[in-house]
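Enquirer:
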Amino acid sequence: MAIPPGIVYLGQRLPRIITPPALVYLVLYGLRTCLQVIVSPYLAFVAYALCWPTALAIQVQYINLLDYRAAQAHGAIMPPRIPDRTPGGAATLFKSIQNFKKAYPGDGLIDQIEKLGHVLTLRVLFENRIFTDEPGHIKSILTTQFEEHEKGEEMRQVFHSLLGTGVFASDGDMWKFHRSMSRPFFSKDRVQHFDVFDRHAEDALGQMKARLKQGFPVDFQDLVSRFTLDSATEFLCGQDIRSLSAGLPYPRDSPEQRQSSSEQHPSDRFATAFAQAQVNTALRSRYGQYWPLFEFWEDKVEGHMKIVHEFIEPILHEAVKQKQAVAPEDSKEPDTLLEHLVNSTEDHIILRDEVMSLMAAGRDTTASTLTFAAYMLAEHPHVLQKLRDEILSKVGPDRRPSYDDFREMKYLRAVINETLRLFSVVPFNSRITKHATIWNPVVPGDKPIYIPAKTKTIFGVFLMHRRTDLWGPDALEFDPERFIDERLHKYLTPNPFIFLPFNAGPRICLGQQFAYHEVSFFLVRLLQSFSGIQLAPDAQPSETLPPNDWAKAAGRKSVEKISPKVHLTLYSNGGLWVRMEEAGLSEAA
Ligand code: HEM
Ligand SMILES: *[C@@H]1O[C@H](CO)[C@@H](O)[C@H](O)[C@H]1NC(C)=O
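Quick note on numbering: the sequence shown equals residues 0 to 588 in numbering that gives the first Met the number 0.
Right, dumping it as structure tokens:
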């Protein structure tokens with residue numbers, strides 16, 4: 000039996016919990032024995048009750064004073080703080096949890112950035128977190144001061160039930176070990192082999208056509224999540240989960256949905272458990288170091304991961320067994336990531352952590368990109384037309400696209416980039432400073448910015464990608480041409496750190512090329528088959544449609560037809576229900 004997370008948490012902090020009442024006890028004891036002063040039971044009770052908040056307040060004030068002094072000594076300033084009068088910043092935490100459930104990504108920060116600037120202090124439960132959407136600071140975090148900004152112990156614990164010690168949440172030697180184990184697989188020309196994508200794309204598009212012919216709209220997000228799950232499991236392990244074989248869901252209110260039993264399909268069990276594990280992990284990260292108090296008696300990720308592991312374990316066993324059966328001189332080039340991994344280790348836990356990390360990193364991310372690409376193509380038919388023209392002229396109406404095709408399809412890349420700019424898959428991310436660090440000022444000549452040691456720094460590429468001062472006055476519009484015309488040279492070329500969908504530096508996404516290929520492949524196949532996409536708001540669950548008050552808001556919030564939400568990655572709440580015109584059918588008419 001594992002010890003409940005809350006008990007572990009309190010156990011680790013026992014000295015800090017016991018010290019304040021112990022001090023009160025000693026003072027009362029001293030008063031009584033040395034000075035013969037008897038404190039009334041009522042006063043003693045008050046003293047005990049107030050000892051923790053008082054100790055905390057003294058500690059917080061003391062640390063703030065030290066930070067302030069240290070900043071001054073460096074000729075630097077602390078980032079301005081978002082005002083919050085509630086004790087310890089309880090209101091800020093409450094708002095961030097609420098926003099996690101209901102609001103538009105970045106709500107709550109945008110107003111503050113307008114008032115206070117692009118680097119801010121948020122006080123959450125007595126702990127300062129620094130937020131930035133400034134390219135220079137994000138560059139410091141990810142590249143020039145990489146060594147000073149780590150994922151840290153807190154992130155490791157938050158992600159541990161989901162990913163173990165895998166590449167995604169580890170630091171230092173453990174991270175290097177995992178990264179160097181997986182990297183060779185991605186640099187091989189193997190990422191140019193599209194057989195895996197082709198089979199699953201064909202399956203997905205076939206099912207979509209059939210469903211549309213029946214007269215129903217399709218949840219595109221669900222569809223591409225199945226496509227990327229089957230592709231990822233086959234690419235990584237050589238065996239796919241066959242989530243497409245579960246069939247597509249019908250709109251919620253249709254009689255067909257009530258009859259269908261796709262909920263029970265084993266691959267749906269896997270997908271639901273994995274999704275829930277990620278959602279609960281994302282919620283944990285909002286609570287920061289205090290998360291065990293919110294899962295006091297039970298780890299809320301572990302149970303879901305048990306279901307996930309039941310699927311993965313037999314595949315791992317099989318891979319290790321096969322490797323052991325082959326004499327070293329007969330071994331061939333590994334075909335899958337798992338085959339490649341078992342050549343470096345047979346340790347089950349390491350294999351499982353690495354496979355799950357890559358699944359988490361590679362699956363929802365590509366599905367998200369495809370979902371928002373389809374959303375934007377539906378909203379911008381002229382872009383769809385232009386992209387389709389490029390596809391038909393470079394690849395034709397039915398040929399399978401190749402690596403060389405993609406290199407020549409500039410508009411396709413621009414559409415993908417523009418999707419990743421506006422709907423950044425990893426909208427917010429964070430690191431913790433190892434030591435006190437100095438960031439350059441936002442405006443050259445101003446005082447630099449002091450970041451204390453052990454401070455969580457949150458960077459928001461989602462907001463940075465939408466800044467009009469960095470991207471031009473039309474930054475909120477979807478316009479792929481900005482990656483091709485003079486705007487490219489005006490904004491992005493001189494300042495490449497304004498566009499960071501895959502991050503940068505030593506921890507840059509390992510799967511970037513793989514992702515571009517997978518997304519490109521699917522989009523080409525999609526537009527070879529279909530000539531138009533329309534949103535189907537009638538099928539979207541009504542409570543997930545953008546609330547009426549969004550129409551009055553600033554920014555893209557007012558034009559959105561679906562609700563973008565973040566767990567670990569960006570997704571469309573309630574799915575993306577669409578209708579599409581099959582190519583040929585409408586064109587012949
Ligand atoms: C459009 C799709 C994708 C996007 C936008 C994306 C974005 C990112 C980002 C922002 C990070 C940095 C996370 C951090 O350091 O906190 C990352 C890391 C990573 N990505 Fe991707 N990713 C995508 C697809 C993929 C795919 C398909 C794979 C593999 C099959 C993959 C594998 C990884 C790995 C292994 C890391 C961790 C690297 C490290 O920490 O050293 N990604 N990705
Ligand atoms: C898309 O963005 C990547 C950087 O992430 C860049 O290398 C590539 O040239 C861009 N392509 C186009 C067509 O904009």
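Backbone N, C-alpha and C define an ideal beta-carbon position, used for all residues, glycine too.
#1: Would you identify the three-state DSSP class for ALA554, choosing helix, strand or coil?
#2: Would ASP229 count as contacting chain C if we go by Cβ distances under 8 Å?
#3: Shortest alpha-carbon distance to ILE76 belongs to which of ASP473, VAL523, PRO451, GLU581?
#4: Regarding ASN416 and ligand 1, is the C-beta to nearest heavy atom distance less than 7 Å?
#5: Examine the Cβ distances between the stretch 138-150 and the stretch 100-115 and report whether three or more of them are shorter than 8 Å.
#6: With 16 other CB atoms within 10 Å as the buried threshold, where does THR568 fall?
#7: Give me the residue from HIS316, MET355, LEU211 with the minimum Cα distance to GLY163.
#8: Taking DSSP as the reference, what is the three-state secondary structure of GLN321?
#9: Candidates GLY10, TYR8, ALA46, ARG12: which alpha carbon is nearest LEU22's?
#10: GLY471: beta carbon under 7 Å from a heavy atom of ligand 1?
#11: Could you check if ALA503 belongs to the surroundings of ligand 2, using beta carbon to heavy atom distance under 7 Å?
#12: Between PHE482 and ligand 2, is there a pair consisting of the residue's CB and a ligand heavy atom that are separated by less than 7 Å?
#13: Whole angstroms are fine: how far does the CA of PRO540 sit from the CA of TRP576?
#14: When DSSP labels each residue in this structure, what does PRO7 get in the three-state scheme?
#15: Looking only at DSSP bridge pairs, what is MET622 linked to?
#16: Return helix, strand or coil for THR18, following the three-state DSSP convention.
#17: Smallest Cα separation from GLU149: which of ASP170, HIS136, LEU49?
#18: Using the Cα positions of ARG84 and ALA56, report the straight-line distance between them to the nearest angstrom.
#19: Which residue from VAL425, SER181, GLN35, ALA272 puts its Cα closest to that of LYS299?
#20: Looking only at its own chain, which residues have a Cβ that is under 7 Å from the Cβ of ASP352, when we skip the five neighbours before and after it?
#21: Whose C-beta lies closer than 8 Å to the C-beta of ALA588 among residues of the same chain, with five residues either side of it excluded?
#22: Taking buried to mean at least 16 other C-beta atoms within 10 Å of its own C-beta, is HIS199 buried or exposed?
#23: How close, in whole Å, do the beta carbons of PRO3 and GLU255 come, if the pair is a contact with beta carbons under 8 Å?
#24: Determine, using beta-carbon pairs with one atom in the stretch 386-403 and one in the stretch 442-459, whether at least three such pairs fall under 8 Å.
#25: Thinking C-alpha only, which one of GLY504, GLN511, ARG578, SER519 is nearest GLN533?
#26: PHE184: which of VAL59, LEU509, ASP478 sits nearest, CA to CA?
#27: Spatial neighbours of GLY287 within its chain, please: CB distance less than 6 Å, with the 5 preceding and 5 following residues excluded, ordered by chain position.
#28: By the 10 Å Cβ neighbour count, where 16 or more other Cβ atoms means buried, how is LEU42 classified, buried or exposed?
#29: Assign HIS516 to one of two classes, buried (16 or more other C-beta atoms within 10 Å of its C-beta) or exposed (fewer than that).
#30: Go ahead and pull the three-state DSSP assignment for LEU247.
#31: According to DSSP, simplified to helix, strand and coil, what is ASP346?
#32: Where does ALA588 sit, in a helix, a strand or coil, going by DSSP?
#33: Could you round the C-beta distance between LEU369 and PHE521 to whole angstroms and report it? I think they count as a contact, below 8 Å.
#34: Is any non-hydrogen atom of ligand 1 found closer than 7 Å to the C-beta of GLY214, if you look at the structure I gave you?
#35: Who are the near neighbours of LYS393 in its chain, counting only those whose CB is closer than 7 Å to its CB and skipping five residues on each side?
#36: Quick check on this structure: which residue in CYS50, LYS114, GLU153 has the alpha carbon closest to the alpha carbon of LYS433?
Expert: Looking at the atomic coordinates:
#1: Looking at the sequence itself, residue 554 is Gly, so the reference to Ala does not match. DSSP, read as helix, strand or coil, puts GLY554 in helix.
#2: Absent from the structure is chain C; it holds one protein chain and no more.
#3: Shortest Cα-Cα distance from ILE76 to any of ASP473, VAL523, PRO451, GLU581 involves PRO451.
#4: Shortest gap from the CB of ASN416 to any heavy atom of ligand 1: 7 Å or more.
#5: No contact exists between the stretch 138-150 and the stretch 100-115.
#6: With at least 16 other beta carbons inside 10 angstroms of its own, THR568 counts as buried.
#7: Closest by alpha carbon: MET355.
#8: Of the three classes helix, strand and coil, the one that applies to GLN321 here is helix, per DSSP.
#9: When each option's Cα is compared against that of LEU22, the closest is ALA46.
#10: Relative to ligand 1, even the nearest heavy atom lies 7 Å or more away from the CB of GLY471.
#11: Result no, Cβ not under 7 Å from ligand 2.
#12: Yes; taking the cut-off as 7 Å, the Cβ of PHE482 has a heavy atom of ligand 2 nearer than that.
#13: Cα-Cα distance, rounded: 9 Å.
#14: Here residue 7 turns out to be Val, not Pro, going by the sequence shown. DSSP places VAL7 in helix when its eight states are reduced to three.
#15: Only positions 0 to 588 of the chain appear in the structure, and residue 622 is not among them; the question remains open.
#16: It is helical.
#17: Nearest C-alpha to GLU149 among ASP170, HIS136, LEU49: ASP170.
#18: Going from the Cα of ARG84 to the Cα of ALA56 covers about 14 Å.
#19: Per the Cα distances, ALA272.
#20: Only LEU162, GLY163, THR164, GLY165 meet the Cβ criterion.
#21: Reliability of the predicted coordinates at ALA588 is poor, the pLDDT of 41 falling under 50, and the value obtained from them is presented with this limitation in mind. Cβ within range, chain order: n/a, list empty.
#22: Looking at its Cβ environment, which holds 16 or more other Cβ atoms inside 10 Å, HIS199 is buried.
#23: Taking a contact as a CB-CB distance under 8 Å, the pair PRO3 and GLU255 does not count as one, their CB atoms being some 43 Å apart.
#24: Too few Cβ pairs lie closer than 8 Å, so no.
#25: Out of GLY504, GLN511, ARG578, SER519, ARG578 has the C-alpha closest to the C-alpha of GLN533.
#26: Comparing Cα-Cα distances from PHE184 to each of VAL59, LEU509, ASP478, the minimum goes to LEU509.
#27: Counting only Cβ-Cβ distances below 6 Å, and skipping sequence neighbours, we find nothing.
#28: Around the CB of LEU42, fewer than 16 other CB atoms lie within 10 Å, so the residue is classed as exposed.
#29: By the 10 Å Cβ count, HIS516 comes out buried.
#30: Coil at LEU247, not helix or strand.
#31: It is coil, neither helix nor strand.
#32: Per-residue confidence for ALA588 stands at a pLDDT of 41, beneath the threshold of 50, marking its modelled position as unreliable; the derived number appears in the next sentence. In the three-state reduction of the DSSP assignment, ALA588 falls in the coil class.
#33: Yes, LEU369 and PHE521 are in contact; Cβ-Cβ is about 6 Å, under 8 Å.
#34: Not under cutoff, so the answer is no.
#35: Taken in chain order, the residues that qualify are ASP404, GLU407, MET408.
#36: The candidate whose alpha carbon is nearest that of LYS433 is GLU153.
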